[in-house]
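>
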Amino acid sequence: MMQGWVHRTRTLGQVMFLILRDRGGLGQLVMEGKDNGLDNLTNESIIQVEGVPRLEDRAQGGAELQVSDLKMVSQPVEAPPIAVNSKNIYSTVRLDTVLKHRAISLRNPEIRAVFRVQAEIMDAFRDFLREHNFTEIS
Numbered sequence: 006m007m008q009g010w011v012h013r014t015r016t017l018g019q020v021m022f023l024i025l026r027d028r029g030g031l032g033q034l035v036m037e038g039k040d041n042g043l044d045n046l047t048n049e050s051i052i053q054v055e056g057v058p059r060l061e062d063r064a065q066g067g068a069e070l071q072v073s074d075l076k077m078v079s080q081p082v083e084a085p086p087i088a089v090n091s092k093n094i095y096s097t098v099r100l101d102t103v104l105k106h107r108a109i110s111l112r113n114p115e116i117r118a119v120f121r122v123q124a125e126i127m128d129a130f131r132d133f134l135r136e137h138n139f140t141e142i143s
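Numbering (my numbering), first residue to last: 6 to 143.
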């Protein structure tokens, strides 16, 4: 079972591809059949899915989940002020908007990656100083 936010959807004929985002990253889901009952599915909807994982070289991360059961947990009341799934968020949204809505902008993998790198740098710096008997004062 997986739960997360719908990051992006696309339909190719009878097949619907969903990119699911959770705290671990992005994963691809596949649903077959035209009548899947997901007409009201939007980006940032929260879903819970069950299915069978399979290797797929073309999928993000090299694997995808063939969905057997999907449950809508929650839908957004309104669209977020920032397109979280935008590849280059700064080309579509002004910096002041990104900063004003920081909690939402951190859902974007590119923005979140910057903070993950910063956290790793700080951890390495902290570890170095501890190894040299420095005392951290917060």
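Beta carbons: idealized from backbone N, C-alpha and C, even for Gly.
None of these values were measured; they are calculated from a predicted model.
If we ignore side chains and look at the alpha-carbon of each, how far apart do glutamine 65 and threonine 16 end up?
Using only the alpha carbons, I get a separation of about 16 Å.
> On the CB-based measure, 16 or more other CB atoms within 10 Å of its CB, does glycine 9 come out buried or exposed?
Glycine 9 is buried by the Cβ-count criterion.
> Starting from the Cα of arginine 59, find the closest Cα among Ser73, Met127, Thr97, Asp132 and give me that residue.
Ser73
> State the Cα-Cα distance for the pair valine 57 and leucine 70, rounded to the nearest angstrom.
6 Å
> What number of angstroms, rounded off, separates the C-alpha of glycine 32 from the C-alpha of tyrosine 95?
24 Å
> Can you name, in chain order, every residue of its own chain whose Cβ lies under 6 Å from the Cβ of isoleucine 109, other than the five neighbours on each side?
Pro85, Ile87
> From leucine 23 to aspartate 101, what distance separates their C-alpha atoms?
30 Å
> With distances taken from CA atoms, which of Gln19, Leu34, Asn48 is nearest methionine 7?
Leu34
> In the structure shown, what three-state DSSP assignment does glutamate 141 receive?
In the structure shown, glutamate 141 sits in coil (DSSP, three-state: anything other than H, G, I, E or B).
> Out of Val98, Leu134, Gln53, Asp27, which one is the CA nearest neighbour of leucine 75?
Ranking Val98, Leu134, Gln53, Asp27 by Cα distance to leucine 75 puts Gln53 first.
> Taking 8 Å as the cut-off, decide whether the C-beta atoms of threonine 47 and valine 11 are in contact.
Yes, Cβ-Cβ distance for threonine 47 and valine 11 is below 8 Å.
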